[in-house]
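Here is the structure we will look at.
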Amino acid sequence: MRVTVIGGGISGLVAASELVKAGVEVVLYEKEDNLGAHSKTATFNGIDLDPSSMLFNPVTEPITMEYLENLGFHFVPSDMSFSVSLDQGLGYEWGTRNGLRSLFSQKTNLINPYFLQLLREIAKFKDDAVRYVEELENDPDIYQNETLGQFIKKRGYSVLFEKAYLVPICASIWSCSSEAALNFSSCFVLSYFHTHHLLQLFDSSQQLSLGQRARDFVSKVEELLRSKGCQIKTSCEVESISTDVEGTDGRVGLRLVNVAMVGLILVVAVVVTCSIAHSSCILVIDDICNNMVMGSRCVVENVVVGHPMTHHPVYSALGFTPFFPCRSLFISSLVKLNVGTQSCTVNCQDGSKETYDRCIIAAHAPDALKMLGNKATYDELQILGAFQYVQRDIFFHHDKSLMPKNPISWSARNFLCGSENKVCLTYWLNVLQNVGDTTLPFLVTLDPAYTPESTLLKWSTRWPIPSVAATKASSRIDSIQGKRGIWFCGAYQGKFSGLPTFTYVQALLCEAGMVAADGILRTNSTVQKIPKHMEASLLETWARLLVIRFFKSYISTGCLIIYEDGGAVFTFGGTSKKSCLKSAFRVHNPQFYWKVATEAELGLADAYIHGDISFVNKDEGLLNLFMIFIVNNDLNSSVSRSNNKRGWWILLRFTAGLALARNIIQHVLNQNTVTQARRNISRHYDLLLKSNDLFATFLDETMTYSCAVFKRDDEDLKSAQLRKITALIEKARIEKKHEILDIGCGWGSLAIETPVSHGEARVDFAIGVGVMDHTIDVAVSDCQPVVTNS
Numbered sequence: 001m002r003v004t005v006i007g008g009g010i011s012g013l014v015a016a017s018e019l020v021k022a023g024v025e026v027v028l029y030e031k032e033d034n035l036g037a038h039s040k041t042a043t044f045n046g047i048d049l050d051p052s053s054m055l056f057n058p059v060t061e062p063i064t065m066e067y068l069e070n071l072g073f074h075f076v077p078s079d080m081s082f083s084v085s086l087d088q089g090l091g092y093e094w095g096t097r098n099g100l101r102s103l104f105s106q107k108t109n110l111i112n113p114y115f116l117q118l119l120r121e122i123a124k125f126k127d128d129a130v131r132y133v134e135e136l137e138n139d140p141d142i143y144q145n146e147t148l149g150q151f152i153k154k155r156g157y158s159v160l161f162e163k164a165y166l167v168p169i170c171a172s173i174w175s176c177s178s179e180a181a182l183n184f185s186s187c188f189v190l191s192y193f194h195t196h197h198l199l200q201l202f203d204s205s206q207q208l209s210l211g212q213r214a215r216d217f218v219s220k221v222e223e224l225l226r227s228k229g230c231q232i233k234t235s236c237e238v239e240s241i242s243t244d245v246e247g248t249d250g251r252v253g254l255r256l257v258n259v260a261m262v263g264l265i266l267v268v269a270v271v272v273t274c275s276i277a278h279s280s281c282i283l284v285i286d287d288i289c290n291n292m293v294m295g296s297r298c299v300v301e302n303v304v305v306g307h308p309m310t311h312h313p314v315y316s317a318l319g320f321t322p323f324f325p326c327r328s329l330f331i332s333s334l335v336k337l338n339v340g341t342q343s344c345t346v347n348c349q350d351g352s353k354e355t356y357d358r359c360i361i362a363a364h365a366p367d368a369l370k371m372l373g374n375k376a377t378y379d380e381l382q383i384l385g386a387f388q389y390v391q392r393d394i395f396f397h398h399d400k401s402l403m404p405k406n407p408i409s410w411s412a413r414n415f416l417c418g419s420e421n422k423v424c425l426t427y428w429l430n431v432l433q434n435v436g437d438t439t440l441p442f443l444v445t446l447d448p449a450y451t452p453e454s455t456l457l458k459w460s461t462r463w464p465i466p467s468v469a470a471t472k473a474s475s476r477i478d479s480i481q482g483k484r485g486i487w488f489c490g491a492y493q494g495k496f497s498g499l500p501t502f503t504y505v506q507a508l509l510c511e512a513g514m515v516a517a518d519g520i521l522r523t524n525s526t527v528q529k530i531p532k533h534m535e536a537s538l539l540e541t542w543a544r545l546l547v548i549r550f551f552k553s554y555i556s557t558g559c560l561i562i563y564e565d566g567g568a569v570f571t572f573g574g575t576s577k578k579s580c581l582k583s584a585f586r587v588h589n590p591q592f593y594w595k596v597a598t599e600a601e602l603g604l605a606d607a608y609i610h611g612d613i614s615f616v617n618k619d620e621g622l623l624n625l626f627m628i629f630i631v632n633n634d635l636n637s638s639v640s641r642s643n644n645k646r647g648w649w650i651l652l653r654f655t656a657g658l659a660l661a662r663n664i665i666q667h668v669l670n671q672n673t674v675t676q677a678r679r680n681i682s683r684h685y686d687l688l689l690k691s692n693d694l695f696a697t698f699l700d701e702t703m704t705y706s707c708a709v710f711k712r713d714d715e716d717l718k719s720a721q722l723r724k725i726t727a728l729i730e731k732a733r734i735e736k737k738h739e740i741l742d743i744g745c746g747w748g749s750l751a752i753e754t755p756v757s758h759g760e761a762r763v764d765f766a767i768g769v770g771v772m773d774h775t776i777d778v779a780v781s782d783c784q785p786v787v788t789n790s
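Mapped onto the UniProt record's numbering, the consecutive letters of the sequence shown carry residue numbers 1 to 790.
Structure follows, in C-alpha cells:
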C-alpha cells in the first residue's frame with residue numbers, strides 16, 4: 001500500500017512514523033523548507049528554548065507520552081501557575097505561583113469585600129461546573145447549544161468574576177479575546193476544566209514538559225522516516241487532491257439492507273431514501289462484508305425505484321430475508337457493484353502529479369477544504385467548515401512591561417488587560433521550561449498592544465475557536481475519516497483534551513497523527529478513555545495534602561510519580577544524583593492517602609494489596625519504589641543528624657507513630673502462649689507428614705523448602721540447597737566439639753550434612769517426636785518450656 005501524508009508538522013510526522021513502522025510505503029509533502037511547523041527551537045546565550053511550549057498531561061495524553069518515550073525522550077515537571085493583571089496593575093492583580101503571597105500580592109485585597117466575593121464565586125464555580133459535567137455524562141445533548149456566557153448569566157455570577165477570573169483563564173488556555181471566550185461552548189470549556197483540574201486556584205494537575213526540545217523531536221522522527229525509506233518532499237505545496245470516487249456519497253441517500261457475494265461481484269440490496277433520477281450513480285461503502293471493500297470504488301448499476309420489497313423479483317431467487325419486511329418500504333433493483341481499486345491523486349503547484357492508495361491530510365481544517373476544492377463531500381464541508389480559526393501574532397522577547405506590575409504575581413501564564421480593554425497573554429518560559437533564573441526573563445506574548453522591547457523572534461499562527469459549532473463538529477470527525485480513502489489529521493480533532501491550546505497543541509497533534517495512522521492500518525485507536533475523577537472525603541483530602549507534602553520533602557533523589565484516576569499528577573524528585581531510579585503508580589482509591597497518612601509503610605502495603613494503587617511498570621515498579629525509599633531514608637537520616645531538619649513530614653511521622661503504637665498494643669494483647677505455639681507447630685508438621693508426595697513434586701531429594709543459593713541459572717536445586725547448608729555451617733564455624741540445636745529442621749537436611757562435613761558434631765532436633773526416620777544418631781526432643789535461672 002502506498003500512502004501520502006500531506007503536511008510535515010507534528011501530526012503529519014507522527015502519522016508517517018506510525019505507518020512506516022508498520023511497513024507502509026509513505027511519501028510526505030511539506031510546503032515549507034523544513035519539517036515541524038509548530039516546532040520552533042531557538043538558542044540564546046547558550047540556552048535552548050521552545051517559544052511554542054510542548055506541555056503534556058500524563059492522564060489525558062498517556063499514549064502520546066508513551067510514543068515519545070519510545071523515541072528516547074523524557075519528561076520533567078512544569079509550572080502551570082496563572083496570574084491576572086487588570087488596568088496595567090492599577091486594577092485587580094493576583095496570581096497563584098507563590099501561593100497566598102501571589103493571591104494577595106495587593107495587600108488591600110485581604111479586606112476588599114469585592115475580591116473576597118470573587119474568591120467565594122471561584123469556589124462556587126467549581127461546584128456548579130462539577131454538577132454540570134455530571135449532568136452531561138448522563139445526557140450529552142442536554143446543554144449542547146449553551147455558551148459559556150449563558151452559563152454564568154443563568155447562575156448569577158458577577159461582572160468581576162467574569163473579568164478577573166473566567167475570561168482571563170479561558171484566554172490563557174485558548175488565546176482568545178474576551179468576547180470570544182463568552183461565546184465558547186459551555187459543554188466543552190467546563191469539561192476541559194474538569195478533566196485538567198483547573199477548577200481550583202491551587203494544587204492543579206501537574207503538567208510535564210519535554211526534557212529535550214522540539215528541534216530534537218523533529219530530527220529524531222525525520223531520521224526514523226528516512227531510515228525506513230520514506231520519501232520526504234519539502235518546499236512542495238499541494239494544490240489539490242482528487243479521488244476517482246467523487247463527493248456524492250453525502251448527497252445520495254442509500255441504506256444498506258442485504259449483502260451477498262456472487263463470484264467476484266458484490267451484490268447489495270439497498271433502500272432508497274431519496275429520489276434518484278439517474279439509471280447509474282456512484283456509491284461509496286466503507287465497511288461491509290468483513291471490510292472486503294473498504295474504500296473501494298463501487299459503481300451502482302440498474303437503479304430501479306418502485307418495487308415493493310416483499311414483491312421484488314430477486315427476493316425469492318437469492319433467498320434474502322428482508323431487513324424490513326414491510327410493504328410500505330421500497331427496494332431498488334438488484335444492484336451490481338463493480339469493485340475496483342480506489343486511488344487519490346495529489347497535484348502540486350510545481351505541476352507534478354502523483355497517485356496513491358490512501359491519503360492523510362495533516363493540515364488546518366480550512367486548508368484541507370481548500371485542497372479538496374469542489375471535490376469535497378457534503379459531510380466534509382459541513383464538519384471541516386465548522387472550524388473557524390483566529391490569527392495570532394506571537395513575540396518572543398525580554399520586555400518585563402508585559403508582565404504583572406508586582407513581581408510576586410508573576411506566574412507561568414499571565415493575563416494582562418489594559419485601560420482600553422486590550423488584552424494579551426504572556427508566557428514565562430523560565431518556569432514553563434525549567435530554565436531557571438536568567439539576567440533577563442524569556443517571555444512569549446500573544447497579541448501585545450505594542451511591539452515589545454528586546455524582541456528576539458516574531459511569527460504568526462492560527463488556532464480553531466472552540467465555538468458551539470466546532471464542538472459539535474469535533475464529535476463527528478469519525479464520520480468522514482476514511483471516506484474515499486482520505487483521512488484528516490489536525491489538532492482540531494483532539495479526542496479528550498479538546499480543541500488546541502497554545503501550550504497543549506503539540507500533544508493534540510501527536511494524538512491526531514496516531515489516530516489517522518490507526519485508521520489506515522485498520523487497528524484499534526490507541527486513544528484511551530480518561531478514568532473518572534476520584535471523589536475524596538474531607539479526611540481523605542486532608543490526608544492527601546499531608547502525604548503530598550511529605551513526599552515533596554522526603555524524596556530528594558530518584559523520581560516518584562503518582563497518577564490519580566481522573567487527572568491529577570504529582571512528580572517528586574530532588575537535585576541529588578545518588579539514584580536514577582524511577583517508579584510510577586496510579587491511585588485508584590483516595591483511601592490510599594488515608595492509609596499512608598495513618599499507617600505509613602504498613603498503610604502503603606495495605607493499599608497495594610487491596611488494589612488502591614497499581615504500578616505502571618508491573619515488573620520493576622514496586623522494587624524501584626522500595627529502593628527509592630531506602631536511599632532517601634539514608635539521605636534524610638544524615639541530613640537530620642547534621643541540620644536537625646524538620647518540616648511537614650514530622651506530622652506524618654506522628655500520625656504513623658500513633659498507628660504503630662496501636663499495632664504494638666494489639667500484638668502484645670495477642671501474645672502467643674506455649675500451648676498455642678505447641679498447637680501451631682503440631683498442625684504445621686502434621687501437614688508435612690501427610691503431604692510428602694505433594695512436596696516431593698517440587699522439592700529436591702533433600703526435601704529442603706527454604707531458599708536455595710544458586711550460582712547459575714541452569715543449576716539443579718539439590719546443588720543449590722547443599723551450597724546453602726555448607727555456607728551456613730561455614731558461617732557458624734562448626735567444629736567436632738560443638739553441639740548444634742536445629743530449630744525447625746524440616747526433613748533434617750542440616751543434621752544430615754553437618755556430620756558428613758564436620759565429623760561427629762551432635763545435632764539436636766527441636767521438633768515433635770516421630771517426625772522423621774532416625775538415619776543418623778541424633779537426640780530427638782519435643783518442644784518444652786525453657787526454664788532459666790535468674
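Yeah, the Cβ is synthetic: ideal placement off N, Cα and C, and Gly gets one too. Computed from a predicted structure; not experimentally measured.
For the pair Gln231 and Glu25, the Cα-to-Cα distance works out to about 9 Å. In the structure shown, Asp141 falls within a coil segment according to DSSP collapsed to helix, strand and coil. Under the Cβ criterion (8 Å, minimum of three pairs), the region 560-575 counts as touching the region 56-73. Closest in C-alpha terms to Leu119, from the list Leu199, Thr43, Arg392 and Ala751, comes Leu199.
Fully contained in the region 52-80 are the following beta strand (DSSP E) runs of length 3 or more, in chain order: 75-78. Approximately 7 Å separates the beta-carbon atoms of Gly621 and Ala584; this is inside 8 Å, confirming the contact.
Proximity to Ile173 across Asp48, His196, Gly99 and Leu110 peaks at His196, based on C-alpha coordinates. Its chain contains Leu86, Ser178 and Cys417 as the residues whose beta carbon lies nearer than 8 Å to that of Lys163, once the 5 sequence neighbours on both sides are disregarded; these appear in chain order. For Ser85, the enclosing beta strand (DSSP E) begins and ends at Phe82 to Leu86. Residue state for Val709 is assigned as coil, using DSSP reduced to three classes. Under the DSSP assignment, Asp48 falls in the beta strand (DSSP E) whose first and last residues are Ile47 to Leu49.
A direct Cα-Cα distance of roughly 22 Å separates Leu457 from Ala171.
Scanning its chain for C-beta atoms nearer than 6 Å, with the 5 sequence neighbours on each side dropped, one finds around Pro590 the residues Met534, Ala536 and Glu540, in chain order.
Ranking Met65, Leu100 and Pro113 by CA distance to the CA of Ser81 puts Leu100 first. Looking at the DSSP output, Trp428 sits in a beta bridge with Leu443. Going by DSSP, Leu694 is part of the alpha helix (DSSP H) stretching over Asn692 to Ala696.
When the beta-carbon positions are compared, Gln391 and Ser460 come within less than 8 Å of each other. Sorting Ala368, Phe395, Asp393 and Ile394 by C-alpha distance to the C-alpha of Gln382 places Ala368 at the top. Counting along the chain, Val346 sits inside the beta strand (DSSP E) bounded by residues Cys344 to Cys348. For Ser219, the enclosing alpha helix (DSSP H) covers residues Ala214 to Ser227. The alpha carbon of Ile408 has as its nearest neighbour, out of Val218, Arg2, Ile743 and Ser83, the alpha carbon of Ser83. Counting the other CB atoms within 10 Å of its CB gives Tyr492 a total of 16 or more, which places it among the buried residues.
Here the C-alpha atom of Val167 lies approximately 7 Å from the C-alpha atom of Leu182. Here Asn414 is bridged, per DSSP, to Ser83 and Thr426. Contact check between the region 506-522 and the region 384-402: fewer than three CB pairs, one atom from each, fall below 8 Å, which does not count as touching. Of the candidates Glu146, Ser105 and Cys707, Cys707 places its Cα closest to the Cα of Gln721. In summary, Cys510 is buried, with 16 or more beta-carbon neighbours lying within 10 Å of its beta-carbon over all protein chains present. With fewer than 16 other beta carbons inside 10 angstroms of its own, Gln349 counts as exposed.
Counting every other CB atom within 10 Å of its CB across the protein chains shown gives Arg586 a total of 16 or more, marking it as buried.
Secondary structure within the region 579-646: the beta strand (DSSP E) runs of 3 or more consecutive residues, fully enclosed, are 582-587 and 613-615 (chain order).
Here Leu402 is buried, its C-beta having at least 16 other C-beta atoms within 10 Å. Taking all protein chains shown into account, Asn414 has 16 or more neighbouring C-beta atoms within 10 Å of its C-beta and is therefore buried. When rounded, the separation of the alpha-carbon atoms in His588 and Phe488 is 35 Å. The beta carbon of Gly385 is closer than 7 Å to those of Leu369 in its chain, skipping five residues each way along the sequence.
Annotated three-state conformation of Ile361 is strand, per DSSP. Bridge pairing for Phe488: Ile361 [DSSP].
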